[in-house]
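Scroll down for the structure; my scribbles are underneath it.
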Amino acid sequence: MYIYGGKDEHGNTVSDLYMINANAAPYTPHLVLSGYQSNASTHMVLLKSQHFCEAVCGKLLVFGRYLSHHHHQTNPEAAAYGLWMLDLDTLEWQRQGCSANFDVGGWNYFTVISESMVPTNDDPKVVVNNLFFLGNTDPFRPQGYDHFRDAWVINAETLGLYDIPPPHFSHEFAQLLNNPELSDFVIVPSSGPELHVHQVILITRWPHFRNIYRSGMIEAQERRMEILEPYETVLALIKYLYSDRLDDDVSWQVVCQVLVVANMYCLNRLKKLCCERLYRQHMSVESCGLIFEKAILAEEAGLKMLALDFMFRNYGSILKSDVLLNMPAAVRQAFMEQVPDEASLQVIRRSCRLCPPPSLYSQSSLAGAVPNEKSPS
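Laid out in structure tokens, this is it:
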């Protein structure tokens, strides 16, 4: 249990973070991060006690009204709503760019709603978290009690928060893969060598293969199946089925292909592993175009918005490269549709940066398509 903020013994607002181990008595609070340390590194001051916090995916999300240090003494009215994220491993705060969504009106409640994807018998339950806000978007409210009229929902995956269950299959089974002496089935990729596999593992782990086996199709009779994907993609897929893991040495191009294949075969956990890997380790000017394309094909809205956000924040490098030219026409059109008509390039000296207007973050736009803004350190 995490306890954030509140009042000290003198009635002053504090932003200390405490943790209680709810699995072991006595339930003693332990200081994790003092408000003095937090404020010194982030230049944020919590306004009174108007905040809510939730812990999800190893992060602490705190939403409320904040003052900056330079406004704390001079203008207490200059407060704004903000969403901050604390990495519970590194204890580093990061302000989220979606705060512009709350510039108008009053926002009085925040929580996280978890939604399970359609489970299969082979995949552990995969959860998608949504950030849920309640408030009133009217700039002037004649009724002071009308606090919960409007709702705002942000997909947590657009902030890079992927809730992926741990592996539940032994890694040692991967040693059995591609052993002709012990295998009883052959997978034939579109290129490269054949893969010798075990029916019992694929039947247990792969709904598509189980349907083929039960239906008595010719592949089940001949114990041989062709997959119209390159060898590297098929190998990564089969290794996942054997080990419940995505190998660390798989290239980002192959991860992009595996993402689409996982969507085709309804392997939800593998999809999320691919999304998180691409966002955490492989998002770059070179890769963002293909990631954006494959996210659309795999129906991964969170990864799509993360790639779009990266392209907006690195628009100068994107224009100077061939990223847009290499996109298929339909994907390039999908990218252009996300660029608002009012967007402009603000030239400062000899550097350019993309300055999307506030309307990009308006309530009519897709929530979460905003850059994360790192707090000063």
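Quick note on numbering: the sequence shown equals residues 0 to 376 in numbering that gives the first Met the number 0. Cβ atoms here follow ideal geometry from the backbone N, Cα and C, with glycine treated the same way.
- Shown here, residue 6 sits in a strand according to DSSP, grouped into three states.
- Counting only unbroken stretches of 4 or more residues, the alpha helix (DSSP H) elements lying wholly within the segment 189-234 are 198-204, 206-214, 217-221, in sequence order.
- If you check the CB distance, residue 222 and residue 185 come in under 8 Å.
- The alpha carbon of residue 277 has as its nearest neighbour, out of 264, 294, 268, 265, the alpha carbon of 294.
- Under the three-pair Cβ rule at 8 Å, the segment 294-313 does not count as touching the segment 176-191.
- Sixteen is the threshold: since fewer than 16 other Cβ atoms of the shown chains lie within 10 Å of the Cβ of residue 216, the residue is exposed.
- Around residue 30, the same chain offers 15, 17 as residues with beta carbons nearer than 7 Å, after the five sequence neighbours per side are excluded.
- Taking residue 205 as the centre and dropping the five residues before and after it, the same chain places the C-beta of 240 closer than 6 Å to its C-beta, in chain order.
- A straight-line Cα-Cα distance of about 13 Å links residue 333 and residue 290.
- Per DSSP, the continuous beta strand (DSSP E) segment holding residue 79 begins and ends at 79-86.
- Secondary structure note for residue 253: it is in no beta strand (DSSP E), and the uninterrupted alpha helix (DSSP H) holding it is 251-263.
- According to the DSSP secondary-structure assignment, residue 149 is paired through a beta bridge with 134.
- Collapsing the DSSP output to three states places residue 157 in a helix.
- Runs of the beta strand (DSSP E) lying entirely within the segment 323-349 and spanning at least 3 residues, in chain order: 343-347.
- In terms of CA proximity to residue 266, 203 leads the group 309, 303, 203, 212.
- Closest in alpha carbon position to residue 307, among 320, 336, 280, 319, is 336.
- Counting only residues of its own chain and dropping the five nearest sequence neighbours on each side, residue 190 has a CB closer than 7 Å to the CB of 229, 230.
- For residue 18, the beta-bridge partners assigned by DSSP are 1, 29.
- Using a Cβ distance threshold of 8 Å, residue 53 and residue 163 do not count as a contacting pair.
- Per DSSP, residue 274 has no beta bridge partner at all.
- When the five nearest sequence neighbours on each side are left out, the beta carbons in the same chain lying within less than 7 Å of the beta carbon of residue 237 are those of 176, 186, 194, 196, in order along the chain.
- Apart from the 5 residues on each side of it in sequence, residue 183 sits with its Cβ closer than 7 Å to the Cβ of 197, 198, 222 in its chain, given in chain order.
- Here residue 106 is not near residue 65, since their CB atoms are 8 Å or more apart.
- In this structure, the beta-carbon distance from residue 147 to residue 160 does not fall below 8 Å.
- In the structure shown, residue 124 adopts coil according to DSSP, grouped into three states.
- Of the candidates 155, 78, 115, 155 places its Cα closest to the Cα of residue 59.
- Note that the C-beta distance between residue 111 and residue 128 is below 8 Å.
- Around the beta carbon of residue 256, a 10 Å sphere encloses 16 or more other beta carbons of the protein chains shown; the residue is thus reported as buried.
- Assigned with DSSP and collapsed to three states, residue 60 falls in strand.
- Pairing residue 285 with residue 326 gives a Cβ-Cβ distance that is not under 8 Å.
- Its chain contains 284, 287 as the residues whose beta carbon lies nearer than 8 Å to that of residue 313, once the 5 sequence neighbours on both sides are disregarded; these appear in chain order.
- Contact check for residue 125 against residue 271 passes: the beta carbons are separated by less than 8 Å.
- Residue 114 and residue 273 have their alpha carbons spaced roughly 20 Å apart.
- For residue 20 and residue 3, the gap between their C-alpha atoms comes out near 15 Å.
- In the structure shown, residue 246 adopts coil according to DSSP, grouped into three states.
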